[in-house]
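In full-length UniProt numbering, the protein residues as written are 1 to 506.
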């Protein structure tokens, strides 16, 4: 026994970081009891990007009609998905079998989230205004909005017993051990709908996506164009006025767990300020923008709120802590926060005849550089879903299928994110070629589809690596609703379609 222990210590010491040695030990059958090294995770992920994929379909019960979103349990063993038949299905990832069906929503569940502190608790919110917190071991807690407004988004706090719910122009804060939310925050006007809520990895920032009022945004665009032109033609989307902090007050909240009343006290935050009415004036806007009233989508702003002291954010302040001034939000998968909580990616659809384009933009979430644009790329398609890989090296972008079936549009795009401070792209390419020399023959076979030798840089720091094509055998011609990386590096990707499909690429 002593010799075995000594050998394990030798094999798993911190100095054993060689990739080839790790692979050799794996082939010999040694059990890795420690977490994979960063190098090994990176290699597994890059290998996934380069390989020829196999596809597996999850056998869902009944007729799901449409699959909208999916999320993974914290332990990575389960996947929960929402469907047009009003059900939530729990799939065991190892077997791809549906192990539970969660029924009870009156309408389609539009948002879903696992509790980060437990793989047996998840929440779902439907278009009928109902929120359910499910215990997979049995039972659920239910809360329904007064006017049965659709639940646009919801998220658990990483550590606290707190569920944040976005519906209409309100954000509710709910400890699901009591009957109702104990605090609510409202936007300054009813027209400003809350479409997105999320926490960073530590729960210190609450991120919101709130619809812009067209007059305000047009005023901002005119001011920005004026300053850009007077700065010798400077053409930079970050050329904007510094946020003017507004006097506001916040109140710390805590749930009244001792209360026996059926309804808890709800604190409504109000904010009084004067607004300048803006007349609709035709003006020349920035080249990358078109007038708001000519867009078929609602424009949203993304803001970050300090939640380190559990203070209710004053979301009436539409100018505070702006991360993204304007973006599109369809559902919770349209925006993604990086795993380390430092960056956020959003999409901005652009309507410019004759094609529809989408700008992908990555922004800083750190207080010192909040709202600074880090990466940017433009694609000539409509993006509906974004996902950051587990190692944060790759970006997966899901594309909606064009109604013109004769036009071959990829199902998704894979971008590599290049650190601005890292080596040049050519150096990185040479290092990658050396690292994966053993895969050279396989890469040659995939050269046409991968276009590895002809990587196209659309924006600083973002390199298009691969286009994922639709399955030609699928006669239904589905369109992507959501596509995500699976929890572990190199494990695969999963996508949901408008025909009810839930498929895994590996």
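The C-beta atom is built at its ideal place from N, Cα and C for all residues, glycine as well.
Q: Note down the Cα distance separating residue 362 from residue 417, rounded to an integer number of angstroms.
A: 10 Å
Q. Whole-angstrom Cβ separation of residue 109 and residue 129, contact assumed at under 8 Å?
A. Not confirmed; about 12 Å, so no contact.
Q) Does DSSP classify residue 50 as helix, strand or coil? A) helix
Q. Which residues in the same chain have their Cβ closer than 6 Å to the Cβ of residue 321, if we skip the five residues on either side of it in sequence?
A. 303, 304
Q | residue 136 versus residue 80 - alpha carbon distance | A | 11 Å
Q: Compare the Cα-Cα distances from residue 505 to each of 174, 75, 493, 138 and report the closest residue.
A: 493
Q: Apply the 10 Å Cβ neighbour rule to residue 91 and answer buried if 16 or more other Cβ atoms are within range, or exposed otherwise.
A: buried
Q. Using a Cβ-Cβ cut-off of 7 Å (strictly less than) and excluding sequence neighbours within five positions of residue 409, which residues of its own chain qualify?
A. 381, 399, 401, 402
Q. How long is the line joining the alpha carbons of residue 358 and residue 324, rounded to whole angstroms?
A. 15 Å
Q: Keeping to the same chain, check which residues put their C-beta closer than 6 Å to that of residue 235; ignore five residues upstream and five downstream.
A: Per-residue confidence for residue 235 stands at a pLDDT of 34, beneath the threshold of 50, marking its modelled position as unreliable; the derived number appears in the next sentence. Cβ neighbours of residue 235 beyond the five flanking positions: none.
Q: Determine the contact status of residue 372 and residue 364, defining contact as a CB-CB distance below 9 Å.
A: yes
**Q.** CA nearest to the CA of residue 347, picked from 412, 319, 166, 335
**A.** 335
Q: Please go through the same chain and pick out, in chain order, the residues whose beta-carbon is closer than 6 Å to the beta-carbon of residue 150, but skip the five residues on each side of it.
A: 127
Q) Excluding sequence positions up to five away, which residues of its chain have a Cβ less than 7 Å from the Cβ of residue 120? A) 135, 136, 137
Q: Evaluate residue 167 with the Cβ neighbour count: other Cβ atoms within 10 Å of its Cβ, from every protein chain shown; 16 or more gives buried, anything less gives exposed.
A: buried
Q. Short check: CB of residue 155 to CB of residue 117, under 9 Å?
A. no
Q) Which stretch, first to last residue, makes up the beta strand (DSSP E) that contains residue 72? A) 67 to 72
Q. For residue 484, which option in 333, 210, 163 has the closest C-alpha, if you only look at C-alpha atoms?
A. 333
(Q) Give the list of continuous beta strand (DSSP E) stretches no shorter than 3 residues that lie fully inside the segment 116 to 176. (A) 121 to 126, 130 to 135, 140 to 144, 151 to 156, 163 to 167, 170 to 174
Q: Return the bridge partner residues of residue 485 from the DSSP annotation.
A: 493
Q: State the DSSP-derived secondary structure class of residue 214, mapped to helix, strand or coil.
A: helix
Q | Helix, strand or coil at residue 193 [DSSP, three-state] | A | coil
Q | Cβ distance (whole Å) where residue 70 is taken to contact residue 339 below 8 Å | A | The pair is not a contact, with the Cβ atoms about 17 Å apart (cut-off 8 Å).
(Q) Once DSSP output is grouped into helix, strand and coil, what is the label at residue 81? (A) strand
**Q.** Terminal residues of the beta strand (DSSP E) in which residue 301 lies
**A.** 300 to 306
Q) Can the beta-carbon of residue 187 be found closer than 9 Å to that of residue 316? A) yes
**Q.** Residue environment, residue 38, which counts as buried when at least 16 other CB atoms sit within 10 Å
**A.** exposed
Q.
Starting from residue 392, trace the beta strand (DSSP E) in both directions and tell me its first and last residue.
A. Segment: none, residue 392 is in no beta strand (DSSP E) and carries neither H nor E.
Q: Per DSSP, which residues does residue 504 bridge with? Please list them.
A: 56, 494
Q.
Let me confirm a value: residue 309 is counted as buried when at least 16 other C-beta atoms fall within 10 Å, else exposed. Which label applies?
A. exposed
Q) In or out: residue 67 buried (at least 16 other Cβ within 10 Å) or exposed? A) buried
Q: Label residue 87 either buried or exposed according to how many other C-beta atoms from any shown protein chain fall within 10 Å of its C-beta, with 16 as the threshold for buried.
A: buried
Q) Can you tell me where the beta strand (DSSP E) with residue 110 in it begins and where it stops? A) 109 to 114
Q. To which residues of the same chain is residue 487 closer than 7 Å at the C-beta, ignoring the five residues directly before and after it?
A. 72, 76, 390
Q) Since residue 106 and residue 83 are thought to touch, with beta carbons under 8 Å apart, how far apart are those beta carbons, to the nearest angstrom? A) Residue 106 to residue 83, Cβ: 14 Å. No contact.
Q. DSSP state of residue 42, grouped into three classes?
A. helix
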